[in-house]
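All letters in the sequence shown, in the order written, are residues -28 to -1, 1 to 413 by mature numbering (1 follows the signal peptide of the UniProt record, and there is no 0). The next block holds one structure in the form of structure tokens; read it before the comments.
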Amino acid sequence: MNYLCISDKVWKSILTVLLLSFSGAVYSQDVVVTGTVMNEQNQRVSGVEIKLGAANVKSNSKGIFLLRTTNLPAQLYAKHPLYNDYFEIVRAPVNKDDTLKVEIILEGKETELEEVTVNASQVIWVYEKKNTHIIDFALYEKEILLVCQENHKYFLRRLDSIGRKIVDLPIKKNPVGLYADCTGGTHLVYSDSIFEIKFIRNSIGMLAGHSYEETMKVLSPCIISSADNFILKRLGPHNKLIEYVKIDWNTKKPSLLYSTSDRQKMRELDDFAMENEIAVPVSNPNYKRGQQANNLTDRQKWDNQQFYNQILKKPLYAPIFEINDSIFIFDHFKDSALVYSISGKYIRSFQISYHYFENWKSELLINEEKTKLYAKYEINGLVTLRQINPSTGKVVSLDVLEKHIHPINIQIRGNYAYYIYNHYLDNSIHYLYKQPLKNIP
């Protein structure tokens, strides 16, 4: 068995990096949180179980509760058998000595006749052919494009809006999947090559292939493309710096749209990289490793290099989207969202906290129409999608994809979430399903 072997100095730094990576920036001052629990009729509710981080209490006969916590922001959860479960993110007080006051309004559970639940009959098998293995799919206008395998043959297959086959295009074996570029183009990907796909009336065309590695050097940095400009993403040292650069289509002149970074992590990973002879750019080009003893063997350094590549260089998550003809950047490291016009003019910013709900998967999804935003959470394989109001960062609805565990490649169109079910006991065949979501404008 191989063990991670590093110096005490660097080990302490990496422990800090890991703790911050998985917990986010937290407030560690001891805070008193008090509040009241009421229902929709403004009646106080007693006996409500309330959990905030590791603290648990129940509201008293007057609906009042009090608890202490040391880590904020944190998820507050309230549970009572007569009411719907309540979730909220509690943030640190502005002044460190303040007591936080919280008001919880519980919604009554719907009656059995009114209750609407997602059940097996509402989860739809999109393409009902048992011998068709779905490798990947893409939503295209009102249609669906499949990469699939049948009887040891491979196809690109167009389906109409209700899952009926329109046309097939035979392709060579072992495709990896599909890739969507920033201009709306779709590409068929193999391990060593990539082919652009064209939709011509009711047929499918495919252009000559190119090297995957060389093509992705051109395509992957581009995130958003509009009539006047396009936006590129650049990563800095250890992937702990992100820059979005706007480039004018006509003049090709670049300008920095937004930049975010975690300077502390970069400095700590500088030490780790130098200690283990990892050939990556460091945050300070003048940095030189000190004279501390380095007793690591080549094998230990190799193990640490794998640890760096697989864990430590995970990028900051600050995605950029075009939503409702505006540009949004969600900087989860800084707990903030920024709004720009489609031309790149800064409009405003606001605070976000949905990523502090438990089991956050560091993933945001937008629907095909570019009007709705969803945050992904997962526990024991079950995925929850919280719809986020992109203008405020507030949660407006919650849906659980509850028929299948570990759904992959979730895409949203209309009021449906489409996904591939990768059965954990049989990896030889995948099916495509869709489930209705709550229709919140």
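We treat Cβ as the ideally placed atom computed from N, Cα and C, and that holds for glycine.
- In the displayed model, W221 falls within coil according to three-state DSSP, outside both helix and strand.
- Pairing L111 with S298, the inter-Cα distance amounts to about 22 Å.
- Minimum Cα-Cα distance from H378 among the listed residues Y396, N14, F322, N267 corresponds to Y396.
- Distance from the CA of T71 to the CA of Q1, rounded to the nearest whole angstrom, comes to 12 Å.
- When DSSP states are grouped into helix, strand and coil, L207 belongs to the strand group.
- Per DSSP, R16 lies in no beta strand (DSSP E) segment and is marked neither H nor E.
- Taking each of N381, R385, A389, K410 in turn and checking the Cα distance to H402, the smallest one comes out for N381.
- Fully enclosed alpha helix (DSSP H) runs of no fewer than 4 residues are not present anywhere in the segment 150 to 187.
- Partner residues in the beta bridge of S308, as assigned by DSSP, are D303, Q323.
- Closest by C-alpha distance to L284, out of Y326, L241, V9, is L241.
- Note that the C-beta distance between V62 and A50 is not below 8 Å.
- For the options W274, I351, F127, V98, the alpha carbon positioned closest to that of S133 is the one of V98.
- For the segment 6 to 78, the full-length beta strand (DSSP E) segments reaching 3 residues or more read 21 to 24, 27 to 30, 36 to 41, 46 to 52, 55 to 62, 72 to 78 along the chain.
- Three or more beta-carbon pairs separated by less than 8 Å are not found between the segment 144 to 161 and the segment 271 to 286, which leaves the two stretches without contact.
- R206 counts as exposed, since fewer than 16 other beta carbons sit within 10 angstroms of its beta carbon.
- Ranked by Cα distance from S175, the options V217, F59, G353, R130 are led by R130.
- Here N411 carries a coil assignment [DSSP, helix/strand/coil].
- Remark: C-beta atoms of L38 and T6 approach each other more closely than 8 Å.
- For A245, the enclosing alpha helix (DSSP H) starts and ends at 235 to 247.
- Per DSSP, the unbroken beta strand (DSSP E) holding F293 starts and ends at 292 to 295.
- Nearest to P53 by C-alpha distance, out of K81, D398, I36, is K81.
- Taking C-beta atoms under 8 Å as the contact rule, E335 and Q383 fail to qualify, at a distance of about 12 Å.
- Taking a contact to require three or more Cβ pairs closer than 8 Å, the segment 201 to 216 and the segment 229 to 244 qualify as touching.
- The segment 305 to 322 makes no contact with the segment 344 to 356: fewer than 3 CB pairs, one atom from each, lie closer than 8 Å.
- The C-alpha of M188 is placed about 43 Å away from the C-alpha of L48.
- With a cutoff of 8 Å on beta-carbon distance, N56 and L78 are scored as near each other.
- About 28 Å separates the beta carbon of F109 from that of F329, a gap too long to meet the 8 Å contact definition.
- Counting of Cβ neighbours within 10 angstroms places F322 among the exposed residues, the total staying below 16.
- With a beta-carbon spacing of about 10 Å, V119 and L141 fall beyond the 8 Å limit used to define contacts.
- With respect to G316, K218 sits close: the two C-beta atoms are nearer than 8 Å.
- DSSP places R358 in the strand class (E or B) of the three-state scheme.
- With a beta-carbon spacing of about 16 Å, N28 and S18 fall beyond the 8 Å limit used to define contacts.
- Scanning I295, I107, R358 for the CA closest to the CA of S325 turns up R358.
- Comparing alpha carbon positions, the residue from D270, A290, N331 closest to I195 is A290.
- Y318 and K237 have their C-alpha atoms spaced approximately 28 Å apart.
- DSSP places Q278 in the uninterrupted alpha helix (DSSP H) bounded by 270 to 279.
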